[in-house]
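What follows is a short report on a single structure.
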Amino acid sequence: MTGLNIKKGDLVQVITGKDKGLQGKVIQAFPDTEKVLVEGVNRVKKHTKVGQSVRGSKTGGIITIEAPIHVSNVMLVVEHEGVKVVTRVGYRRVEEERTLADGSTKTVTRSVRYAKRTGKDI
């Protein structure tokens with residue numbers, strides 16, 4: 001199984017389902033089930049008992065919380081020339097110089113996420 005292209009803190013837009021078109025920030029990512037929790041998206045009613053604590057709830061009753069949504073149903077939103085656009089995520093290898101503790105330098109390669117539509121690093 002591969003990792004997720006969407007990370008915690010990313011701004012995403014729902015591309016399918018009942019909340020299609022809504023944008024929100026990723027609160028939490030679940031790589032093992034390939035789902036993400038998006039702020040204000042896929043809200044469901046949850047019945048809680050008195051004294052049970054669910055995301056800050058101290059009393060019982062019916063509360064509304066966000067439920068996880070599959071990562072294939074969201075796309076990353078980036079800003080390009082002052083306009084927010086949805087894009088796919090790509091990875092590219094970048095070489096950079098690192099200074100070691102003894103003062104010498106070493107060339108290392110690391111993976112960088114970038115927006116395929118704009119070509120800019122995320």
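Quick note on numbering: UniProt numbering labels position 95 of the sequence shown as 95, and the sequence is numbered without any gaps. Think of the CB as a built atom: it goes at the ideal place given N, C-alpha and C, for glycine as much as any other residue. Predicted model only: the values in this text are computed from it and were never measured.
- Contact check between the segment 67-83 and the segment 22-42: three or more CB pairs, one atom from each, fall below 8 Å, which counts as touching.
- Taking every protein chain shown into account, the CB of L100 has fewer than 16 other CB atoms within 10 angstroms, so this residue is exposed.
- Judged by DSSP secondary structure, S111 falls within the beta strand (DSSP E) whose first and last residues are 105-115.
- According to the DSSP secondary-structure assignment, G90 is paired through a beta bridge with Y114.
- Close CB contacts of K20 within its chain, under the 8 Å cut and outside five residues either way in sequence, are with V14 (chain order).
- The distance from the Cβ of T87 to that of T118 is about 7 Å, consistent with a contact at the 8 Å cut-off.
- When C-alpha distances from D32 are compared across L4, K45, N42, K106, the shortest belongs to L4.
- DSSP, reduced to helix, strand and coil, places V41 outside both helices and strands of the structure shown, so it counts as coil.
- With fewer than 16 other Cβ atoms from the protein chains shown falling within 10 Å of its own Cβ, D121 counts as exposed.
- Counting only residues of its own chain and dropping the five nearest sequence neighbours on each side, S111 has a CB closer than 7 Å to the CB of Y91, R93.
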